[in-house]
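Numbering (numbering that gives the first Met the number 0), first residue to last: 0 to 244. By construction, the Cβ of each residue, glycine as well, lies at the ideal position given by its N, Cα and C atoms. All of these numbers come straight from a predicted model, not from anything done at the bench.
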Amino acid sequence: MASQSQSSAQDQEVKELCVMCNNGPARRCGRCRSVFYCSKDCQKHDFSTHKFLCKEYSEQYPRPSPDHKRAILFPADKNKPRMIWMQFKSGWIGNAMPGFRYVEVNKVRGRRLGRGFSPGSREKQDGYCIKFMFRDNYLVDGSFTNRSIEACVRPWGPLRRVPHGPVVVSRTVPDALDRTLFGEDVDDVTLADFRHAINHLWSYYGTAREKFSESSPLPPFPFARAPPPAPAPADEDTEITPSQG
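Okay, here's the thing in structure tokens:
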């Protein structure tokens, strides 16, 4: 049974649009139910990336404790990422002090994540962003190039350089109880976040931007949102399984 945190993360994505083109109405992936597409074409366009985690997300073992949140691990020595339960307490990760990067805008898709959440702000906020955590001294500690990131991004084009060492992606939300220094808390990551993470990695480390057809235009710069989707009938959630050919 889905946890309350997982349900809230997925409900938030319902209010968003197709993860590929920002249009609606959108339907859930029938297997993982963690990402939304407006058409078979958009789902097929994402399949080369989504297939890495779709089955694993849907079969992940139960949450070990309320302090554990879904996260995505990109191991350096493997050819695919993994879904993990990562323990967070009051926004901190034990005694670890990793390097980190917040991503609030998917520049490839022309889309703001959430509704304006800005980590560190003391003003009342809503929305979310994704957070990359990595070894802060990866350039000098002998970390190997990250094979799983390279494999996930490869379908979208070559990379100028490849990140080193393991990388974790989590979902950051405002801390309603204001318990933490930066006013942020952690929620379960979704596979829509996985797509946003891959787009960020590709735009940050890649050599050129993706090409889009005229039939699936992006919202105009700078990152304007498309109109809200019309409500979809309850029985519209369906699985579209693209072929790998």
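Beta bridge counterpart(s) of P173 as assigned by DSSP: For the purposes of this step, residue 173 is taken as residue 174 along the sequence shown, with counting starting at 1. Answer is E183, bridged to P173.
Reduced DSSP category for T189 - H, G, I as helix; E, B as strand; rest coil: In the sequence shown, residue 189 corresponds to position 190, counting from 1. Of the three classes helix, strand and coil, the one that applies to T189 here is coil, per DSSP.
Close-in-space but distant-in-sequence residues of the same chain around D140 (CB under 7 Å, 5 per side omitted): As a first step, residue 140 must be located in the sequence shown, where it is residue number 141. Taking C-beta separations shorter than 7 Å and ignoring five residues to either side along the sequence, the partners of D140 in its chain run R134, following chain order.
DSSP state of C37 mapped onto helix, strand, coil: Your numbering for residue 37 matches position 38 in the sequence shown. Three-state DSSP puts C37 in coil, outside helix and strand.
Coarse secondary structure for A196, derived from DSSP in three states: Here residue 196 refers to the residue found at position 197 when the sequence shown is read from its first residue. If DSSP states are grouped into helix, strand and coil, A196 belongs with the helices.
Bounding residues of the alpha helix (DSSP H) (the contiguous stretch that carries A150): In the sequence shown, residue 150 corresponds to position 151, counting from 1. Residues 146-152.
Three-state secondary structure assigned by DSSP to K54: Reading the sequence shown from its first residue, position 55 is the one you call residue 54. Helix.
Residue(s) in a DSSP beta bridge with K43: Start at 1 with the first residue of the sequence shown, and residue 43 comes out as number 44. None, per the DSSP bridge assignment.
Whole-Å CB distance - L190 paired with V34, under 8 Å assumed: The residue given as residue 190 occupies position 191 in the sequence shown. The residue given as residue 34 occupies position 35 in the sequence shown. That belief holds up - the Cβ atoms of L190 and V34 are roughly 4 Å apart, short of 8 Å.
Closer than 9 Å to chain B by CB, T48: Absent here is chain B; the protein component of the structure consists of one chain.
Contact under 9 Å by Cβ, R159 with Y204: Locating residue 159 in the sequence shown gives position 160, counting from the first residue. Locating residue 204 in the sequence shown gives position 205, counting from the first residue. A contact, by the Cβ cut-off of 9 Å.
Selection from H195, V167, V188 that minimises the alpha carbon distance to Y56: Looking up residue 56 in the sequence shown gives position 57. For the residues H195, V167, V188, the minimum Cα distance to Y56 belongs to V188.
Exposure of S64, with buried meaning 16 or more beta-carbon neighbours within 10 Å: Mapped onto the sequence shown, residue 64 falls at position 65. With fewer than 16 Cβ atoms within 10 Å of its Cβ, S64 is classed as exposed.
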